[in-house]
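Chemist: Number 244 in our numbering belongs to position 235 of the sequence shown; there are no gaps in the numbering.
Yeah, the Cβ is synthetic: ideal placement off N, Cα and C, and Gly gets one too.
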Amino acid sequence: MPNTLNKRRAKRLGKKQLRRKVLHRIISRDFVSRMNDDEYRREAKRVYGGPKGAFLTVASTLSLHIPMGERLFRKRKFDLRGVRSALDVGSGAGQLAKHLLKYGDPGINVTCTDLLQPMLCRARTRLDSPVPEFVAADLATLPFADGSFDCVTCGYVLEHLPDPVPGLKEMARVLQTGGRMFLLVTEDTFSGAWTSRLWSCRTHNRKELLRVCENLGLILKQEIWFTRMHKAFRAGGICVEIVKQ
Ligand SMILES: C[S@@+](CC[C@H](N)C(=O)[O-])C[C@H]1O[C@@H](n2cnc3c(N)ncnc32)[C@H](O)[C@@H]1O
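Now the structure itself:
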């Protein structure tokens, strides 16, 4: 009898998950994962080169990404102590770079990269600091030597690439052995599906993404959640600290 009950429960759960997946597929704009390299770059430029790019700081403040992100660095959930050279990939309006400057050790070197020059200009204005270097670059072809940084941060950028592997490989290449990565990616959840529709990006499955990382020698050190509520509702995306083996 308990066996039959378990089977029924599994069946019900299976159906529920299937319904959820179908709903996510309808809401999300997963076509990004089927684009070729040129198409996705055009799409990213269309999105961030237009009004949405100009609205990015406001959107990050309203979604609480900026204040909650800051809390993670302030509380040292991702500890910046000891970091000498940090690369922020896909800096946008400098949302994460600002935390690097504020909570990193004095003398920290910060390099901000983005596919779009207008986004780098916004970051430069917003950060208003002589410390960062600003370099226009594609995540999949970073113009830095192997092992140039002991810390890489990448917030909500990987989901703009059709395939995460070239981007992760590049970040792993420029990271020193033992270096740490702060990775934040839109997840295949209900809220992630809406994010993907709003910002024309794809979503990632947590387990699959971490498997890909592991195959590239990027080992999960810890999962990070903005708050307990985020953990309970699986909101805010995949936020992890990764170490290069
Ligand atoms: C959602 S914003 C993220 C901004 C910031 N990192 C944050 O944590 O809020 C995504 C940024 O990634 C940039 N981007 C998109 N595709 C990229 C690529 N292939 N290489 C580098 N930057 C890219 C966009 O121009 C945009 O500024």
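Residues bridged to residue 168 by DSSP?
Modeler: Residue 168 sits at position 159 when you count from the first residue of the sequence shown. Partner(s): none; residue 168 has no beta bridge.
Chemist: In angstroms, rounded to a whole number, what distance separates the CA positions of residue 222 and residue 228?
Modeler: For the purposes of this step, residue 222 is identified with residue 213 of the sequence shown, where counting begins at 1. For the purposes of this step, residue 228 is identified with residue 219 of the sequence shown, where counting begins at 1. Approximately 7 Å, taken between the alpha carbons.
Chemist: Just checking residue 165 against ligand 1 - is the residue's beta carbon closer than 6 Å to any of the ligand's heavy atoms?
Modeler: Here residue 165 refers to the residue found at position 156 of the sequence shown. Because some heavy atom of ligand 1 lies under 6 Å away, the Cβ of residue 165 counts as near it: yes.
Chemist: Is DSSP giving residue 218 helix, strand or coil here?
Modeler: If you number the sequence shown from 1, residue 218 lands on position 209. In this structure, residue 218 counts as helix in the three-state DSSP scheme.
Chemist: Label residue 7 either buried or exposed according to how many other C-beta atoms from any shown protein chain fall within 10 Å of its C-beta, with 16 as the threshold for buried.
Modeler: Only positions 10 to 254 of the chain appear in this structure, which leaves residue 7 out of reach.
Chemist: Should the stretch 52-69 be called in touch with the stretch 148-161, which here means at least 3 C-beta pairs below 8 Å?
Modeler: Flag = no, the stretch 52-69 and the stretch 148-161 do not touch.
Chemist: Would you list, in sequence order, the uninterrupted alpha helix (DSSP H) runs of no fewer than 4 residues that lie entirely inside the stretch 38-121?
Modeler: Entirely contained in the stretch 38-121, the alpha helix (DSSP H) runs reaching 4 residues are, in chain order, 46-58, 60-63, 65-71, 74-83 and 104-112.
Chemist: Short check: CB of residue 209 to CB of residue 31, under 7 Å?
Modeler: Counting from 1 along the sequence shown, the entry for residue 209 is found at position 200. Counting from 1 along the sequence shown, the entry for residue 31 is found at position 22. No, Cβ-Cβ distance for residue 209 and residue 31 is not below 7 Å.
Chemist: Curious, which full-length beta strand (DSSP E) runs of at least 3 residues does the stretch 117-160 contain?
Modeler: Runs of the beta strand (DSSP E) inside the stretch 117-160: 118-123 and 142-145.
Chemist: The alpha helix (DSSP H) with residue 179 in it runs from where to where?
Modeler: In the sequence shown, residue 179 corresponds to position 170, counting from 1. Its alpha helix (DSSP H) spans residues 173-183.
Chemist: Tell me the rounded alpha-carbon separation between residue 37 and residue 173.
Modeler: Counting from 1 along the sequence shown, the entry for residue 37 is found at position 28. Counting from 1 along the sequence shown, the entry for residue 173 is found at position 164. Cα to Cα, residue 37 sits roughly 17 Å from residue 173.
Chemist: Exposed or buried, residue 238, counting other C-beta atoms within 10 Å across all chains shown (16 or more means buried)?
Modeler: Taking the first residue of the sequence shown as 1, we reach residue 238 at position 229. Exposed, by the Cβ-count rule.
Chemist: Going by C-alpha to C-alpha distance, which of 206, 41, 156 and 42 sits closest to residue 180?
Modeler: Working through the sequence shown from its first residue, we reach residue 180 at position 171. Of the candidates 206, 41, 156 and 42, the one whose C-alpha sits nearest the C-alpha of residue 180 is 156.
Chemist: Mapping the DSSP letters down to three states, classify residue 229 as helix, strand or coil.
Modeler: Locating residue 229 in the sequence shown gives position 220, counting from the first residue. Here residue 229 sits in strand by DSSP.
Chemist: Determine the extent of the beta strand (DSSP E) in which residue 248 is found, giving its start and end residues.
Modeler: Indexing the sequence shown from 1 puts residue 248 at position 239. Here the beta strand (DSSP E) through residue 248 covers 247-253.
Chemist: Can you give the Cα-Cα distance for residue 202 and residue 175, rounded to whole angstroms?
Modeler: Position 193 of the sequence shown, counted from the first residue, corresponds to residue 202. Position 166 of the sequence shown, counted from the first residue, corresponds to residue 175. Approximately 23 Å between the Cα atoms of the pair.
Chemist: For the alpha helix (DSSP H) that contains residue 206, what are its first and last residues?
Modeler: Counted from its first residue, the sequence shown places residue 206 at position 197. Per DSSP, residue 206 belongs to the alpha helix (DSSP H) from 199-208.
Chemist: Terminal residues of the continuous alpha helix (DSSP H) containing residue 237?
Modeler: For the purposes of this step, residue 237 is identified with residue 228 of the sequence shown, where counting begins at 1. 237-242 is the span of the alpha helix (DSSP H), which, as asked, contains residue 237.
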